[in-house]
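Just below is one structure, and these are the notes that go with it.
Number of protein chains: 2
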Amino acid sequence: MSDDQVTLDAEAKALEAPADHKDELRLWLRLLTCANLIEGTVRRRLRESFDETLPRFDLMAQLDRASDGMTLSELAQRMMVSNGNLTALVERLVEAGQVSRRASPSDRRAQVVALTQAGRRAFRRMADAHEEWIAELMAGLNQRDVDDMMRILGKMKLSARRAAEKDIVS
Amino acid sequence: MSDDQVTLDAEAKALEAPADHKDELRLWLRLLTCANLIEGTVRRRLRESFDETLPRFDLMAQLDRASDGMTLSELAQRMMVSNGNLTALVERLVEAGQVSRRASPSDRRAQVVALTQAGRRAFRRMADAHEEWIAELMAGLNQRDVDDMMRILGKMKLSARRAAEKDIVS
DNA sequence: GCCATTTATTTTATGCTTAAAACATATCTG
DNA sequence: CAGATATGTTTTAAGCATAAAATAAATGGC
């Protein structure tokens, strides 16, 4: 490997131009394309097969993992959406009888939301289909690809979180 | 390799349970987490540094690559958003003087949109910062990670597109 | 116990997004 | 060339999303 050449090129550039990050940019664009492609397909199929929206499905997926329910703030954090977003979303799901809402026993400011029995039943049906759809969309990957990507995405998640938190904490 | 064992297990399962696709599901959730983390950071910084929104930036990015502009339909397809979505988005950018809009010479239904000079100038400033942000968010990856992931995402893109198009073409 | 700060939620204003319907123009087919 | 079909765009109705401000309750320091 010609490290000298790399170093010389890098130094030659550093004097007049900023570092080149085209590879990372291309990676990001491709990641985004894949995410949009998959998310769009899931969104469409959820609507066509179950007359349900993706945000509602995502919300139910979080509640499905917490049998005792959770507060709105906790839900917002896990879903990575703003608090205000949940107010209306939860309201509609409560109206539809899929989510229950009760005051927190320990904190009079907070509300605990949870899946109703009907909500859990509906979610489970959708989740089974959803799992199949994801597998179908990723059918072109072999186990090695899945494992490799899982590992690299783990690193990316850490890296991105560190950079993102720098903005907020300070 | 014990193919027999694999086959037996698979057959034993097939009788009572559907195939297990947990790995793909986990991969999808992690991919989504990364995408949301990065996209959210970019969105916030665009607003804080340039008082600009991500959809507007994305639109300008597409136009930056087509110096002669393109029609709304072509733009919608490249951005992977609905046509109706663009009407208002373009309208606001035209108002802001960043995008121009003219009738297509060859098709009286169509309009061609393009960046104005001011729009191009503004976009270039933002794009430089954006490239740095992406590199920072992905700083935890080495070149090998970037290359590996790029390759696997290429496979995923093909795979997802095939599955997605199955729904629509029919 | 009181005041400052933090935390939980809602409200408001604005913008993004979609699907579906409506409309206009192009293109194809017989 | 006429009618059918396809394509380009806008409109409509509904829902999703954010930031920022407002409100309410909890917590911490003194």
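Chains A and B, in that order, are what the protein sequence lines are. Residue numbering for the first sequence follows the working numbering, beginning at -18 and increasing consecutively. Residue numbering for the second sequence follows the working numbering, beginning at -18 and increasing consecutively. Idealized CB from N, CA, C, for every residue including glycine.
A distance below 8 Å separates the beta carbons of leucine 70 of chain A and proline 36 of chain A. Between alanine 144 of chain A and glutamate 117 of chain B, the C-beta gap is smaller than 8 Å, which places the two residues in contact.
Apart from sequence neighbours up to five positions away, the residues of its chain that approach alanine 110 of chain A with a beta-carbon distance below 8 Å are Arg26, Ser30 and Phe31, ordered along the chain.
With a beta-carbon spacing of about 4 Å, phenylalanine 104 of chain A and methionine 41 of chain A fall inside the 8 Å limit used to define contacts. Scanning the stretch 66 to 148 of chain A from its first residue to its last, the whole beta strand (DSSP E) runs of 3-plus residues come out as 80 to 84 and 92 to 96.
It is roughly 57 Å from the alpha-carbon of arginine 46 of chain A to the alpha-carbon of proline 86 of chain B. A direct Cα-Cα distance of roughly 46 Å separates glycine 78 of chain B from leucine 44 of chain A. Residue contact with chain A for leucine 134 of chain B: present (Cβ-Cβ distance below 8 Å to some residue of chain A). Pairing valine 80 of chain B with leucine 53 of chain B gives a Cβ-Cβ distance that is not under 8 Å. Against chain B, the CB of glutamate 112 of chain A has a partner CB under 8 Å away; the residue lies at that interface.
Only residues of its own chain outside the window of five on either side were considered, and among them Met60 have a CB closer than 7 Å to the CB of aspartate 39 of chain A, listed in chain order.
With respect to chain A, the C-beta atom of leucine 18 of chain B has a partner C-beta closer than 8 Å.
At least one beta carbon of chain B lies nearer than 8 Å to the beta carbon of alanine 145 of chain A. The beta-carbon of serine 140 of chain A is placed less than 8 Å from the nearest beta-carbon of chain B.
Just so you know, the alpha carbons of arginine 132 of chain B and glutamine 98 of chain A end up roughly 43 Å apart. Not flagged as an interface residue toward chain B: glycine 65 of chain A, since no C-beta distance is shorter than 8 Å.
The C-alpha of glutamine 58 of chain A is placed about 44 Å away from the C-alpha of arginine 83 of chain B. About 6 Å separates the Cβ atoms of alanine 120 of chain A and serine 140 of chain B, confirming a contact at the 8 Å cut-off. Nearest CB-CB separation between methionine 130 of chain B and chain A: below the 8 Å threshold. Bounds of the alpha helix (DSSP H) holding arginine 7 of chain A are 3 to 31. The C-alpha of asparagine 17 of chain B lies about 12 Å from the C-alpha of methionine 137 of chain A. With respect to histidine 2 of chain B, glutamate 112 of chain A sits close: the two C-beta atoms are nearer than 8 Å.
When beta bridges are read from the DSSP output, threonine 34 of chain B appears opposite no residue.
Taking the Cβ atoms as the reference, leucine 56 of chain B lies roughly 11 Å from leucine 74 of chain B, outside the contact range of under 8 Å.
By the neighbour-count criterion, in which a residue is buried when 16 or more other Cβ atoms sit within 10 angstroms of its Cβ, aspartate 126 of chain B is buried. A Cβ of chain B is located within less than 8 Å of the beta carbon of aspartate 4 of chain A. Glutamate 72 of chain A and arginine 106 of chain A have their C-alpha atoms roughly 22 Å apart.
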